[in-house]
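To keep things clear, I will list the structure first and then write my remarks on it.
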Amino acid sequence: MTGLRRDDTKDCFVMFGKMVLPVQYFAGRVGSRFIISLRDDRKILGVRCPECNKVYVPPREYCERDLTKLDENWVELGNEGVVTNYAVVRYYDRHLPLKPPYVLAQIKLDGADTPLTHILGEVEPDQVEIGMRVKAVFAEKTTNTILDIDHFAPIAD
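7 is the number of the first residue of the sequence shown in our numbering; add one for each residue after it.
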């Protein structure tokens, strides 16, 4: 709950509960270009900082290290990378098209310096390993979201 005690609400009316709040937002120029590239070209784009050379994916407008503007320094990344961390999700989330349990992994794509969090499929949760090589599997039907990458799948040795 909120941590309020009954004594705290003597002079005010407080309703406890949950509500769903549908939202729609603009992804911005950087986020839009990233999603459009996934949708139209099935390519994963990042941005490179011209000052420190760090490559961000998902892309962002400014470098977190030196605050340099990044929106003109696009780089195409490959569809492969390595699992740097993961979590087994054991509950249903209406925003993801999966039945639990499933794996969300942080994947550092080849050529990137930051991880991309996404669904790891085609593998049982107990078979996932940090350091595992994976490849993006694109969705057959576009959704104009990050889920245009359907999931990442292990690469056979």
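Cβ coordinates follow ideal geometry from the N, Cα and C atoms, glycine included.
Original post:
By Cβ distance below 8 angstroms, which residues in the same chain neighbour Gly34 in space, the five residues on each side in sequence not counted?
Top reply: Glu67
Original post:
With a Cβ-Cβ cutoff of 8 angstroms, do Leu115 and Gly84 count as a contact?
Top reply: yes
**OP:** Work out the CA separation of Pro103 and Pro28 for me, nearest whole Å.
**Re:** 18 angstroms
Original post:
Since Ala93 contacts Leu110 with CB under 8 angstroms, what's their CB separation in whole angstroms?
Top reply: 5 angstroms
Subject >> Closest by C-alpha distance to Glu135, when choosing among Asp156, Trp80, Glu86 and Asn91 >> reply: Asn91
**OP:** Give the DSSP-derived three-state secondary structure of Arg45 in the structure shown.
**Re:** helix
Original post:
Would you call Met7 buried or exposed, if buried means 16 or more other Cβ atoms sit within 10 Å of its Cβ?
Top reply: Here Met7 scores only 47 on pLDDT, less than 50, and its place in the model should not be relied on; the value that follows carries that caveat. Answer is exposed; the Cβ neighbour count stays below 16.
**OP:** Note down the Cα distance separating Leu126 from Leu76, rounded to an integer number of angstroms.
**Re:** 29 angstroms
**OP:** Reducing DSSP to helix, strand and coil, say where Asp77 ends up.
**Re:** coil
Original post:
Whose C-beta lies closer than 7 angstroms to the C-beta of Tyr97 among residues of the same chain, with five residues either side of it excluded?
Top reply: Pro106
Original post:
Could you give the uninterrupted runs of the beta strand (DSSP E) lying entirely in the segment 121-163, keeping only those of 3 residues or more?
Top reply: Within the segment 121-163, complete beta strand (DSSP E) segments of at least 3 residues are found at 122-126, 139-144 and 155-160, given in chain order.
**OP:** Given a cut-off of 8 angstroms, decide if Glu82 and Leu51 are closer than it, judged by their beta-carbon atoms.
**Re:** Yes, the Cβ-Cβ distance between Leu51 and Glu82 is below 8 angstroms.
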